[in-house]
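See structure below.
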Amino acid sequence: MSANAFDLVVIGSGPGGYVGAIRAAQLGLKVALIEKFQHLGGTCLNVGCIPTKALLESAKTWDKLQHIEELGFQAGSPKYSWDKIMGRKDKIVDDQRKGLRFLMKKNKIEVFEGHGRIAGKGKVTVALKDGKSTTLETRNIMIATGSRVRQLPFAKTNGKGIMNSDDVLFINEVPKSMAIIGGGVVGIEFASLFARFGTEVTVVEAAPQVLPYEDEETVKELVRCVKKQGVQFETGAKITAIEDMGKDGVKLTTAESTRIFAKVLVSIGREPVTDDIGLNTVGITTDRGFIKVDFATYKTPCDGIYAIGDVIPTPMLAHTASAEAFHCAEVIAGKKPHKVNYEANPSAIYTYPEIASIGMTEKALKEKGIEYKSGKFPFSPMAKAKIEDATDGFIKILYEPKYREILGVHIVHARATEMIAEFSLGKVLETTVDEIAHTIHPHPTLSETIMEAAHAALGAAVHM
Amino acid sequence: MIIDSVTESKKRMSSDVTEVILPSMGEGIAEATLVKWLKKPGESVNKDEPLLEVSTDKVDTEIPSPASGTLLKTLATEGTTVEVNATIGWIGPQGAEIPAASVKKAGASAGKPSPASPSRSGTGAPAPAMTRAAASNTSATTFFHDGSITLRSSPLVRKIAREFGIDLRRVPGTGLGGRITKVDIEAYQQNPMAHMPAGQPVAAQPPLLARVSTQNANGQETLEGVPVRREKMTKMRRLIAEHMVESVRVSPHVTTTFEIDLHKVVEMREAHKKSFAEREGFNLTYTPFLIRAAVEAIKKFPVVNVSVDGDEVLWKDAINIGCAVALGAEGGGGLIVPVIKNCETKTLRDICKSLNDLASRARSKKLQADEVIGGTFSVTNPGGWGSITSNPIINQPQVAMLGIGAIVKRPVVTSDDKIIIRPMMMASLTFDHRVIDGEGGAMWLAEYKRVLESWAEVP
Chain A
1 MSANAFDLVV IGSGPGGYVG AIRAAQLGLK VALIEKFQHL GGTCLNVGCI PTKALLESAK
61 TWDKLQHIEE LGFQAGSPKY SWDKIMGRKD KIVDDQRKGL RFLMKKNKIE VFEGHGRIAG
121 KGKVTVALKD GKSTTLETRN IMIATGSRVR QLPFAKTNGK GIMNSDDVLF INEVPKSMAI
181 IGGGVVGIEF ASLFARFGTE VTVVEAAPQV LPYEDEETVK ELVRCVKKQG VQFETGAKIT
241 AIEDMGKDGV KLTTAESTRI FAKVLVSIGR EPVTDDIGLN TVGITTDRGF IKVDFATYKT
301 PCDGIYAIGD VIPTPMLAHT ASAEAFHCAE VIAGKKPHKV NYEANPSAIY TYPEIASIGM
361 TEKALKEKGI EYKSGKFPFS PMAKAKIEDA TDGFIKILYE PKYREILGVH IVHARATEMI
421 AEFSLGKVLE TTVDEIAHTI HPHPTLSETI MEAAHAALGA AVHM
Chain B
1001 MIIDSVTESK KRMSSDVTEV ILPSMGEGIA EATLVKWLKK PGESVNKDEP LLEVSTDKVD
1061 TEIPSPASGT LLKTLATEGT TVEVNATIGW IGPQGAEIPA ASVKKAGASA GKPSPASPSR
1121 SGTGAPAPAM TRAAASNTSA TTFFHDGSIT LRSSPLVRKI AREFGIDLRR VPGTGLGGRI
1181 TKVDIEAYQQ NPMAHMPAGQ PVAAQPPLLA RVSTQNANGQ ETLEGVPVRR EKMTKMRRLI
1241 AEHMVESVRV SPHVTTTFEI DLHKVVEMRE AHKKSFAERE GFNLTYTPFL IRAAVEAIKK
1301 FPVVNVSVDG DEVLWKDAIN IGCAVALGAE GGGGLIVPVI KNCETKTLRD ICKSLNDLAS
1361 RARSKKLQAD EVIGGTFSVT NPGGWGSITS NPIINQPQVA MLGIGAIVKR PVVTSDDKII
1421 IRPMMMASLT FDHRVIDGEG GAMWLAEYKR VLESWAEVP
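Protein chains in written order, with my numbering: chain A, 1 to 464; chain B, 1001 to 1459.
Structure (structure tokens):
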């Protein structure tokens, strides 16, 4: 085998690609990993999950400092340094990048820095950073090129007045005002972030509800809480023009009005990156940018080529991509792994409070005509919620009435994302409400609320 | 550890060459690492003399030679992992030839590919063929739910199983680690018969023949010298076989038999059979009478209509009578037991109609999955072929089955010592002695007899 021949070439080093590369290497394959950006880790590590959550944690601390006297502390008038907050975020990201480099070395994965393109079956060319090009021969290819932010056709982001979510992570000061176009997960998280640092935030959403894939009830509770942080919402809005006027701000025109904001953040979703990766050389077609695969193996119609993560039409989530890539690597190594269980695929929104959910929403159950019941319990009576000064929110368990199979769980609370994993396991094991209610949860914890919601479902919550 | 090499390695050829096979070293040990050959190829070895050293997860041991002769060839090298039953060498007279095909095959299954070699199909050697395991008389390790391993399912699956009385050992699991999932049990409910994976035992590993079959000079397989022809059981046959063995294992069977005078029933049928056939479009048979009478007897002695769950008895309000139907050549052979539901509310005429419908659909294989489950008591009628009395096996999870004999005209001595001719029938009740004692069985049959001998219901 020549130096540039591999068992597997992974294109893209995000949470899909690097996990797939490591798993394949663990199983004895010779693996190459290609990354066109400066750092490994993809959107998640560099301009997604990790930096946003780092900033959101700072917002949480700052928010707490505003009420610190209620908690018995004298802290004078607290101040923050945006530079240092950004520096902390950068350091966390950088530490994780170093960790990734180490993992590549440890698993003897060869990293190629450049733009990888499929060049026919079993061939991938890499346009290297230094201008040269190299061709890798490989038995298998895993496409893990991920996604990028979607642009508004009439108002391209410019990184100055009109920003996308990549740009805003490097914003050098907290803006006085900001319009956020699109009330999806990214938009709402940034709204919650900047509002707590004092920005006048307006979320402009075309649909009648923000976070349309989440349960209406948890979204309603979140909107109520985020409004208290000063965020304004305009749903059903139609934007006609956005104009960056330089130091005079950005002019936003909707069907109703024209206003000036310091910044406009465009967060209208993401699209798969599949247009310049050489799919045409092997005859793979895309549907709205997505690659069609078999969900048991992640094989594309082209033998030896696999695709996972944001480039295939499954939820655009880091943990979903990781699960798919792990599975795909095992398939490539000749194992027969168990299929990824998409019904047990949680989602997490890191606003304050957070929303975490798994399974179906009430709306989806109604639309599909599935009979269900609901067990709901608020955090407000729970001792630990009071201790943590976080009593907003509730847990709602949707279940099938006969066997009490769990169909969906929706949590809205400051620490919702840490609590949903119990239900991921529950879904994988096909747990019913009975077992959740029967499980001893430690006291005092927030997780007791899970047990209470299960008891409520069975008709008798204890602490209510 | 003493290993009987003779039973593990056997001569596979007509010549004096003996295959050296890695013998089974105990339950759960599937492979061993070959530590050292104690003889080199070309060296002679006596039978039962230590030939090689192996190391397993549990034990390190020497393997004795299966035969005397020269070690002709070794197929596994020191330090490699070898599967139990794999061929690792050959012993025979000096210079004897080893069949090329065997060498190749054995070589391929001896060593595992090293984990460093980038192989897409790196799953190791194929499992030894069943015939081989049978020949060496080792019990093959199976992945099936045979009761000896913990059955993995889910709370949801167990609830569904409890409701429908599904024996989870029959449901193949496709989830993580063989776990039975909701999808699996739903698929099983849809089509219990067709859901068996091809070529796999239904639940328990079917017991192998106690004696090893051999081959005669013509290459024909023989059993105790008798030439035999091997044929795979159909799925249904296998299911029946397994169910019967299981039932006998679970329930202590007791049978008691009564003789019943059926002249009132015969008179009733004779009086109505013509009009019945004209009205209903099918013939009036005796079986509905016999089922209807069983329902009345169950109402009086419901202990035959229960199930046993550990040390608890499950009493049932519904009386659902399973009626064994032989499918005959038309139905591809075998037996199925459709269930007439809620007989406690049905008249004789209702039962006639239900039975005719179910039996004809059973023969044409058009029964729904839920029409063969949920029985609470069963009736079998081999009397139709002339059987006088029978000794049925209980249809689990029920606790009793009624066997009906042929209706035969016999001379009967009346209470005033006259001899008259009467249509007589033997009825046998086989019951589960865990819950029904001899008295209970006899009382039930006495009531059954009373109902039939005083028949009055018009069909």
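Just so you know, even glycine gets a beta-carbon here, dropped at the ideal spot from N, CA and C. Note that the coordinates shown come from a computational prediction; the quantities given were computed from them, not determined experimentally.
Proximal chain B residues relative to residue i, where beta-carbon distance stays under 7 Å
i: A:Tyr403; result: Leu1156, Lys1159, Ile1160
i: A:Glu435; result: Pro1155
Proximity test, Cβ basis, 8 Å: residue i and chain B
i: A:Glu452; result: no
i: A:Leu152; result: no
Pairwise C-alpha distance: residue j and residue i
i: A:Met451; j: A:Phe154; result: 50 Å
i: B:Lys1182; j: B:Gly1175; result: 9 Å
i: B:Ser1068; j: B:Lys1232; result: 38 Å
i: A:Gly289; j: A:Thr300; result: 14 Å
i: A:Ile305; j: A:His319; result: 22 Å
i: B:Gly1328; j: B:Ser1154; result: 39 Å
i: A:Leu222; j: A:Gly393; result: 8 Å
i: B:Thr1285; j: B:Asn1085; result: 58 Å
i: A:Asp244; j: A:Tyr403; result: 57 Å
i: A:Ala385; j: A:Thr445; result: 8 Å
i: B:Thr1131; j: B:Gly1089; result: Summary for B:Thr1131: the model assigns pLDDT 26, below 50, so the residue's position carries little reliability; its value from the coordinates is reported in the next sentence. Distance between the alpha carbons of B:Thr1131 and B:Gly1089: 20 Å.
i: A:Tyr213; j: A:Leu365; result: 13 Å
i: B:Glu1163; j: A:Glu430; result: 17 Å
i: A:Ser322; j: A:Lys156; result: 31 Å
i: A:His39; j: A:Arg97; result: 7 Å
i: A:Tyr80; j: A:Pro442; result: 36 Å
i: B:Leu1223; j: B:Arg1237; result: 22 Å
i: A:Gly41; j: A:Arg139; result: 24 Å
i: B:Glu1242; j: A:Leu27; result: 40 Å
i: B:Pro1227; j: B:Lys1235; result: 25 Å
Contacts of residue i in chain A (Cβ-Cβ under 8 Å)
i: B:Thr1181; result: Glu430
Neighbour flag for residue i against chain A, beta carbons, 8 Å
i: B:Asp1146; result: Summary for B:Asp1146: the model assigns pLDDT 41, below 50, so the residue's position carries little reliability; its value from the coordinates is reported in the next sentence. It does not: the Cβ of B:Asp1146 has no partner Cβ on chain A nearer than 8 Å.
Integer Cβ distance of residue i from residue j, believed to fall under 8 Å
i: B:Ala1096; j: B:Val1035; result: Actually they are not in contact, since the Cβ atoms of B:Ala1096 and B:Val1035 sit about 27 Å apart, beyond 8 Å.
i: A:Gly184; j: A:Gly116; result: Their Cβ separation, rounded to whole angstroms, is 29 Å, which puts A:Gly184 and A:Gly116 out of contact at 8 Å.
i: A:Val264; j: A:Ala344; result: 38 Å between Cβ atoms; not a contact.
i: A:Val47; j: A:Ser165; result: 7 Å
i: A:Lys376; j: A:Lys396; result: 5 Å
i: A:Ala356; j: A:Ile291; result: Actually they do not touch by this definition, with Cβ atoms about 29 Å apart.
i: B:Ala1318; j: B:Asn1342; result: 6 Å
i: A:Arg23; j: A:Glu324; result: Not really, about 11 Å apart at Cβ, beyond 8 Å.
i: B:Thr1214; j: B:Leu1445; result: About 49 Å; that fails the 8 Å criterion.
i: B:Gly988; j: B:Ile1373; result: Any answer about residue 988 of chain B is impossible in this case: the structure gives chain B only from 1001 up to 1459.
Under 7 Å from the C-beta of residue i: neighbouring residues of chain A
i: B:Leu1176; result: His338
Legend entry - Cβ-based contacts, 8 Å cut-off: residues of the segment 422 to 433 of chain A near chain B: Val428, Leu429, Glu430, Thr431, Thr432
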